[in-house]
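In mature numbering (1 follows the signal peptide of the UniProt record, and there is no 0), the protein residues as written are -23 to -1, 1 to 787.
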C-alpha cells in the first residue's frame, strides 16, 4: 500500500509547478539578468503578454542592427512605443544588463557602454515590465520606482502616462530612422501644450508653435495648465492647477477594454491618437483624432524648413498627414527620405552673368497655388505675369517668382515652408535650366531665336558698311544676303512644322539624334525590349547622370508620334520617389527617343523571378513603394493619370532597390473633373482588368487590378501564368492563391521562405489586399491610397469575398 505522505507530496508538487511557471511570467526581472541583441533573443514580457521589452531588428537596414525598445507583443504590426534614445542602432551581439548598482546598462560586443538608465543609487531590487507598457526599476527598500520608461518618453504616450511641465515627446527622424527628429510636443512651464519644430535639440525658441492648447493664463496662474494626462480609459486632457480639465479627445471613445490606445508624435510632425482592437485576428491602427488640422500651412515660423524639407513642397494628404514632393527640376538629397530636403538638378548661380542672355539658359515651369512664403527677398508691385517672369529671369539670385494679385515676389534658395494652398490663387514660376545644364552651341544644333536676332544685326552692319563699294561687290553682297535670308527662313519653317508643339511645356533636355547615337555608341548595348520600343544604355556627361537609359520608339510614324507625345507630356509633369524620372527627349525628323534615369538593378521581373529569391523584407518594401507611386499618379499629381500597363517588366529598381514605375507610353490622362475615360484595350495579358473586355468605360481601378496581380507575384515570386504541365492546378496564380487562402494554407505560397512564413500576419494582410484588388467588380476594389494604408498597416484589412462573378465569362 502506498504511503499517504507520497500522495501528499505528489499533490503538493502538482500545485507548486504551475505556480513556479506563473512566477516566471509576472513581469519581474532579477538583477544580473541580461538580454543579447540577436535574431532569436527572448524579450522581457509583461504579465498579460501585451508588452515586451528587448531588441527589435531594424528591417530597413542591410546590416544586423537592433533597437532596444518596448513594443506591443500581441498585434501583428511591430508598433514600438518606447526606445532607448541613442544616436545609432546597436550592432548584433550587444548586451543589456540589469546591474544591481547602476540599473540598465547597454554595451556593444566590445563592452563599450552605449546607453544606461543613469542611476547613481545602489540596492536595486528588480526590474518590472508591467501591463501598462512601463518598464520600472524598483529599489530593494523602496515602493517608488528608481527609474521608469514612462518618465523618459520618446515619441509615444500610453494610457496611465502623464506629461509634466517641462517634459516633452520628440519625433523620430524618419519612418525608418529612430534618432531624434525635429518635431516636439512640449508641456511648457507656462501651462501651454505646444507642437514646435527645432533644428537642434538645444534650440530653446518655441515662439513659432504650430499647435497651442491656449491653457496659459498670465492673470490667474491657477487657471493655467499643469500637466497632460492620458487616462486608462483612453481620455486625454490637460489638468489645470485648479483641477479643472480641458479635454482633447472626442466624446465617443472606443472602450479600452476592447482596444489598445496610444498617442504618437509621428516623424512628419502630426500628433495622433490611435486605437487598435485587442483581437489578435484584427489588423491596423485607426486614428481617433490628430493635431494640427493642416500642418502644411500651420507651420509658418522662421525656425526651419516647414512640414517638409528645404525646397520641398507640402500637400495635405489623408488623416491630416503631409505628403511631400520636390518641385519640377529638383530631387531629394536623400532618396529614402520623402520629407527631407530637395536640391536643384542644375547649377543656379551668378557665375554666368555677362556670358549670354539669361533666356538662352533658363525657362520657367509654372504651377498653381504653390508658395514658399518665407523665402522672399523682393516684392514688385504692381506687376504683370510677364514682368514677374522677366524680373526673376534677369536676377541670378531668383529661383522662384510668385505672382498673385498684381504683385510679384522673388524668392531665393533655400526655399522654406513650401506648401500647396488652394486659397492662394497664385502662380509659381519655377526657374529651371533649359536642356538641364548649360552647354555651348555646336554644329547641328538649332540656333535660339535670340541668336538669330544677333545674326540679323551682324548681317545688317556688314551690308551697310560694304554697300556702294562697287557694282560687282553690291551684286555679290545682295545675292549672298538673299541666299542667307532664304536659307534661314526655310530652316525656321521646317523647324516650326515639326511636331514639337505638344512638348512645348516640357522642361526636359532636348537632345539631338546625333548626341544620342554617340551616347549609345550607335545603340550598341540593349537593356530591354517592350511593345513600343527598345531601351539602350548610354553614357553622357550631363550633370551627375553619367549613365542614362534611352528608349527608342520603333512603331510607324503616326502611332510612334502619338505615344511619344503622351509619354513626354506625362512624365515631364510628374515627380515622385517611386516613379522613373524623364531626363530628356529627341524629336528630330523620324526619330522619337526618350532619355531616362538609369536604374542599375534592372526590372522587378528579373529580381523576383530570379534565383535566389529576394527576401521578404525587400519584397514588402517594393510592394508598398509601387502602391505609393500609383497613389501619386491617381490622386496627387496635377493631372490624374491611369498607367494602364502595370506589370513587373515596367517596374525598375534603383541603386537602393527602391521600386520605380516606368513606361507611361500607354497611360491615359484624365482632366481634374473627370473620373472615367473611353479607350481601346490597353495593357498586357494577365494584368488586364475585366472591364477592358466589356467595351465599357474604365477608371483608375484598372491599375488597382493590375497591381493586385503584381502584388500576388511579389508575394509568391512567380508569374501570373505558368506552364500547366509543370505546375498543374497551380498554373494560374490567382486561382492557386484563392485556394490557399480559403483553405488557410498561406505558407504554401512562400515555400522555403522562412522570413515570410514567420511573418504570418503580414503575409495574410498582403494576400488579402491582393484579393481585394483583383475583385471583378471595379467598385469593390479599394483606391490605391487605401491600398497603401492597408499594406502599411494603418487601415484594417477585412476578409475579402471571392473576386469572381461566375455568371460572366471573360
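Cβ atoms here follow ideal geometry from the backbone N, Cα and C, with glycine treated the same way.
query: Residue 712 classed as buried or exposed, judged by whether at least 16 other C-beta atoms fall within 10 angstroms; result: exposed
query: Candidates 409, 36, 68: closest to residue 305 by CA position; result: 409
query: Residue 733: first and last residue of the uninterrupted alpha helix (DSSP H) it sits in; result: 731 to 735
query: Beta-carbon gap between residue 189 and residue 169 smaller than 7 Å; result: yes
query: Inter-residue Cα distance where the pair is residue 338 and residue 66; result: 46 Å
query: Classification of residue -2 by the beta-carbon crowding that lies within 10 angstroms, buried from 16 upward; result: Since pLDDT at residue -2 reaches only 34, below the 50 mark, its modelled position is unreliable, and no value is offered.
query: Segment contact flag, the stretch 734 to 753 with the stretch 703 to 722, C-beta cutoff 8 Å, min 3 pairs; result: yes
query: Own chain partners of residue 274 with C-beta closer than 6 Å, once the 5 adjacent residues on each side are dropped; result: 396, 398
query: First through last residue of the alpha helix (DSSP H) which encompasses residue 765; result: 761 to 769
query: With 16 other Cβ atoms within 10 Å as the buried cut-off, status of residue 100; result: exposed
query: Helix, strand or coil at residue 303 [DSSP, three-state]; result: coil
query: CA-to-CA distance, residue 603 to residue 696, given in whole angstroms; result: 17 Å
query: Which of helix, strand or coil DSSP assigns to residue 254; result: strand
query: Three or more C-beta pairs below 8 Å linking the stretch 749 to 768 and the stretch 683 to 695; result: yes
query: Exposure label - residue 30; buried when at least 16 CB within 10 Å; result: buried
query: Limits of the unbroken alpha helix (DSSP H) element including residue 353; result: Not the alpha helix (DSSP H): residue 353 falls in the beta strand (DSSP E), residues 353 to 357.
query: CB contact below 7 Å: residue 393 versus chain C; result: Here chain C cannot be found, since the structure has a single protein chain.
query: Which of helix, strand or coil DSSP assigns to residue 376; result: coil
query: Burial state of residue 698 (16 or more Cβ within 10 Å); result: exposed
query: Residue 779 burial status per 10 Å Cβ neighbour count (16 or more: buried); result: exposed
query: 3-residue-minimum beta strand (DSSP E) runs that sit fully inside the stretch 67 to 91, ordered along the chain; result: 72 to 76, 80 to 84
query: Within 7 Å, strictly: CB atoms of residue 18 and residue 32; result: yes
query: Sufficient close CB pairs (3 or more, under 8 Å) joining the stretch 725 to 737 to the stretch 582 to 597; result: yes
query: C-alpha gap between residue 143 and residue 621, whole angstroms; result: 54 Å
query: Neighbourhood of residue 504 by C-beta, 7 Å cutoff - its chain only, sequence neighbours within 5 removed; result: 512, 513, 514, 526
query: Span of the beta strand (DSSP E) around residue 410; result: 404 to 410
query: Same chain, Cβ closer than 8 Å to residue 327, neighbours up to 5 away in sequence not counted; result: 373, 374
query: Integer Cβ distance of residue 286 from residue 319, believed to fall under 8 Å; result: 6 Å
query: Alpha-carbon spacing of residue 342 relative to residue 407, whole angstroms; result: 5 Å
query: Beta-carbon gap between residue 566 and residue 488 smaller than 7 Å; result: no
query: Alpha-carbon spacing of residue 223 relative to residue 47, whole angstroms; result: 30 Å
query: Helix, strand or coil at residue 312 [DSSP, three-state]; result: coil
query: Touch test, the stretch 234 to 250 against the stretch 132 to 151, Cβ-Cβ under 8 Å, three pairs minimum; result: yes
query: Inter-residue Cα distance where the pair is residue 157 and residue 59; result: 13 Å
query: Contained alpha helix (DSSP H) runs [length at least 4] in the stretch 544 to 622, N- to C-terminal order; result: 581 to 585, 593 to 608
query: Option nearest residue 210 by Cα separation, candidates 227, 203, 195; result: 227
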